[in-house]
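Going by my numbering, the first residue of the sequence shown is number 367, and it counts up by one from there.
Heads up: the structure comes next, in structure tokens.
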Amino acid sequence: MKATLDHVGIAVRDIAAALAFYRDALGLDIEAPEEVASQRARAHFVPVGGSKLELLEATAPESPIAKYVDKRGPGLHHITLRVDDIHAALAQLKARGTKLIDEHPRSGAEGGLVAFIHPSSAHGVLVELKQSALSPQPLAQPGDSRVQRVSLGDMELVSLTDGFFCLDGGSMFGTVPKALWEIGTPADARNRISLAMRPLIVRGARTMIIDAGMGDKENETFRELYSVDRARSLDCTMAEAGISREEIDIVVASHLHFDHAGGFTFRDASGRVRPTFPRAQYVVRRGEWEDATHPHERSRAAYLADNYVPLAEAGVLQLVDEDATIMPGVKVRRTGGHCMHHQMVLIESKGKTAAYVADLIPTKAHVPDTWIAGYDLYPMDTLGAKKQFVKEAMEKDTLVFFAHDPAIVAGYVREHDGKRRVVPALS
Ligand SMILES: [Zn+2]
Ligand SMILES: [Zn+2]
Numbered sequence: 367m368k369a370t371l372d373h374v375g376i377a378v379r380d381i382a383a384a385l386a387f388y389r390d391a392l393g394l395d396i397e398a399p400e401e402v403a404s405q406r407a408r409a410h411f412v413p414v415g416g417s418k419l420e421l422l423e424a425t426a427p428e429s430p431i432a433k434y435v436d437k438r439g440p441g442l443h444h445i446t447l448r449v450d451d452i453h454a455a456l457a458q459l460k461a462r463g464t465k466l467i468d469e470h471p472r473s474g475a476e477g478g479l480v481a482f483i484h485p486s487s488a489h490g491v492l493v494e495l496k497q498s499a500l501s502p503q504p505l506a507q508p509g510d511s512r513v514q515r516v517s518l519g520d521m522e523l524v525s526l527t528d529g530f531f532c533l534d535g536g537s538m539f540g541t542v543p544k545a546l547w548e549i550g551t552p553a554d555a556r557n558r559i560s561l562a563m564r565p566l567i568v569r570g571a572r573t574m575i576i577d578a579g580m581g582d583k584e585n586e587t588f589r590e591l592y593s594v595d596r597a598r599s600l601d602c603t604m605a606e607a608g609i610s611r612e613e614i615d616i617v618v619a620s621h622l623h624f625d626h627a628g629g630f631t632f633r634d635a636s637g638r639v640r641p642t643f644p645r646a647q648y649v650v651r652r653g654e655w656e657d658a659t660h661p662h663e664r665s666r667a668a669y670l671a672d673n674y675v676p677l678a679e680a681g682v683l684q685l686v687d688e689d690a691t692i693m694p695g696v697k698v699r700r701t702g703g704h705c706m707h708h709q710m711v712l713i714e715s716k717g718k719t720a721a722y723v724a725d726l727i728p729t730k731a732h733v734p735d736t737w738i739a740g741y742d743l744y745p746m747d748t749l750g751a752k753k754q755f756v757k758e759a760m761e762k763d764t765l766v767f768f769a770h771d772p773a774i775v776a777g778y779v780r781e782h783d784g785k786r787r788v789v790p791a792l793s
């Protein structure tokens, strides 16, 4: 998270004496005082460069400021950090086990939002987070591309993006009429819908990435055809998450379509295509490898050899024949449907479960059984695999990651009166 020092709060017993120092002796300007009714206090802001001092004076004996001064004497009371997205900041802190005084932001001065972190988690300092009313809101359109973290038992899951692209809405929803799908998924004038590419990092016994988006080897014609927007590329979101390419031990492919495997390789300065993650073993299902290296008329457009053939040449390819545990708590399971050997990744730690379902359920709109993409080569297999998975996910309260949903990263599937829906998590 990016944070800027907004102000330092100083609890004051005698405001006249404090002003004699800060205003008169230091020669600083003091802004007109502000009443903070909820704290029964008056705040005098003192601008100092890009941030401010806040002299806090109690206006009633029961004021928390009065209590603070009685107990500890006047002095440093809190520091306030300004963040762009306070909801995301709190979610990130919570995922890391930080003790929060406010789990949810409350309204602060000038229409902003604030939340306090407990001093026991901040090395003895009371830290206030603040999102001012003028802060840019999290990106809502065309999609949410924030890096999001969640802990799952002993593991940490980090959702990244490789940007967005567009596909024909009709193709994405198969036999579902547009009159139904367009209610939840707006299409542009050319009937295209926006889709995210969301690779997932799993940090456990080792560091794994599941899928890697589209990468940047394709030309302008390709990028235009799919309206590719990689402003929030995998490189960019990995850097934001503080994860380097070298840290990745294992790459798992749900399947080898370009929107999942494009980022497996990159073209170096000499024009050679090489594995993106230099230390990683790349885990691919053998059947999918066979299909991708021998595409037929219908599957050809999605399989681009440069995305995966160089892995075999570099000796980093590991083919798996069946459902297998890839690292402790992480296993792959074949779903078929979308393509014959499409697989999902199931993650489990300390009784908590998560699933990366890739193109079995590409967006939250695809959660109902019959909402199956026209791209799927074996739609009846998708139907069977989805029914089985959703039942299991509801029983185990599995956190489901949607590889292509433009708006949400993950959620829990719920069913009520035969109606299925997704309760978003991590947003
Ligand atoms: Zn696919
Ligand atoms: Zn896909």
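Backbone N, C-alpha and C fix where the C-beta goes; we use that ideal spot for every residue, glycine too.
- The bridge partners DSSP lists for D520 come to none.
- Exposed is the label assigned to A605, since fewer than 16 other Cβ atoms lie within 10 Å of its Cβ.
- By the 16-neighbour rule on beta-carbons within 10 angstroms, Q458 is buried.
- Assignment of beta-bridge partners to P485 by DSSP yields no partner.
- Residues D735 of the same chain have their beta carbon placed closer than 8 Å to that of K753, with the five preceding and five following residues left out of the count.
- Note that the segment 578-585 touches the segment 618-634; at least 3 beta-carbon pairs, one per stretch, sit closer than 8 Å.
- By the Cβ-count criterion, A571 is exposed, with fewer than 16 other Cβ atoms from all chains shown falling within 10 Å of its own Cβ.
- Closest option to S620, judged by alpha-carbon separation, among V789, R699 and A751: R699.
- If you draw a 10 Å sphere on the C-beta of M563, you find 16 or more other C-beta atoms in it, and that means buried.
- In terms of Cβ geometry, V686 and I713 do not form a close pair [threshold 7 Å].
- Remark: the shortest separation between the CB of D595 and any heavy atom of ligand 2 does not fall under 6 Å.
- Ranked by Cα distance from L419, the first of P772, G681, T527 and A384 is A384.
- Just so you know, the alpha carbons of R512 and R408 end up roughly 37 Å apart.
- Environment of ligand 1, chain-ordered: H623 and D725, taking every residue with Cβ within less than 5 Å of a heavy atom.
- K716 and L749 have their C-alpha atoms some 30 Å from each other.
- With a cut-off of 6 Å, the C-beta of D625 is classified as near ligand 2, since at least one heavy atom of the ligand falls inside that distance.
- Scanning the segment 756-791 from its first residue to its last, the whole beta strand (DSSP E) runs of 3-plus residues come out as 765-767, 776-782 and 785-791.
- In this structure, the CA atom of D380 is about 27 Å from the CA atom of A481.
- About 5 Å separates the beta carbons of V639 and D672, which is inside the 8 Å limit, making them a contact pair.
- Residue burial annotation: R645 is exposed, with fewer than 16 other C-beta atoms found within 10 angstroms of its C-beta.
- Spanning the alpha carbons of I376 and G608 requires a straight line of approximately 34 Å.
- Look at H732 here: in three-state DSSP terms it is helix.
- Counting only residues of its own chain and dropping the five nearest sequence neighbours on each side, Q514 has a CB closer than 6 Å to the CB of S525, V775 and L792.
- Between L726 and Y674, the C-beta spacing is not below 7 Å.
- Comparing C-alpha distances from Y744 to each of A597, L566 and G702 shows the shortest one belongs to G702.
- The Cβ neighbour count for K757, taken over all protein chains shown within 10 Å, is under 16; the residue is labelled exposed.
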